[in-house]
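My numbering puts the first residue of the sequence shown at 10, with every later residue one more than the last.
From the three backbone atoms N, C-alpha and C, an ideal C-beta is built for every residue, glycine too.
In this text the structure is predicted, and so the values were computed from the model without any measurement.
Working notes, structure below.
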Amino acid sequence: MKLLSERNIEVENIKIYLTLFKMYKSYLLLISDQGDMGIGNVTLGSPSIINGVKAPTTSYNLFGIKSKLLSTIIAERASSLLNAPVLLLLFLKTNMKDEKIVKPIINFLNHTLDEILEKK
């Protein structure tokens, strides 16, 4: 595994940590409100296997029940941008509505992934 990015942002006085690793033809994305990370929700996002077809990304919620929608949105977005399978471990201990946290996290993720893709 190769560490690609390790960053954090603040959303409503809560620090959110994002760590992205490159693996063989795939990625591991860790997002947490705890510095030590955790397992929480485990979601696999997989892009379309047919080149040139703008088919939607498929996601599979493997484990966890909290923040299921948020985890699906993040996994699908990351997988679509990276055009590779992404295993997301989303661990949010703080009770916050998904609606309040989804936009800042997606914007943060987009910015981080854009920087990584520019380096390629």
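Thr52, DSSP secondary structure in three states: DSSP places Thr52 in the strand class (E or B) of the three-state scheme.
Reducing DSSP to helix, strand and coil, say where Ser88 ends up. Assigned with DSSP and collapsed to three states, Ser88 falls in helix.
How should Ile48 be labelled, buried or exposed, when 16 other C-beta atoms within 10 angstroms of its C-beta is the threshold for buried? When all chains shown are included, Ile48 counts as exposed.
Given 8 Å as the limit, is there contact between the segment 29 to 49 and the segment 90 to 97, that is, 3 or more CB pairs closer than that? Touching, yes.
Is it the case that the Cβ atoms of Thr81 and Thr52 are separated by a distance below 8 Å? Thr52 is positioned such that its CB atom lies closer than 8 Å to that of Thr81.
Contact under 8 Å by Cβ, Leu101 with Ser76: Yes; because the gap between Cβ atoms is below 8 Å, this pair is in contact.
Taking DSSP as the reference, what is the three-state secondary structure of Ser76? Judged by DSSP in its simplified three-state form, Ser76 adopts coil rather than helix or strand.
Are Leu78 and Ile110 closer than 8 Å when you measure CB to CB? In this structure, Ile110 does not lie closer than 8 Å to Leu78 by Cβ.
Beta-ladder partner(s) of Lys11, from DSSP: In DSSP, Lys11 forms a bridge with Lys31.
Considering only their Cβ atoms, is the gap separating Ile18 from Asp42 smaller than 8 Å? Taking 8 Å as the cut-off, the beta carbon of Asp42 is found no closer than this to the beta carbon of Ile18.
Would you report the Cα separation of Leu126 and Lys112, rounded to the nearest angstrom? Each residue's Cα considered, the two are about 21 Å apart.
What whole-angstrom Cβ distance do Leu13 and Leu29 have, given they're in contact under 8 Å? Contact between Leu13 and Leu29 holds, since their C-beta atoms are separated by about 5 Å, short of 8 Å.
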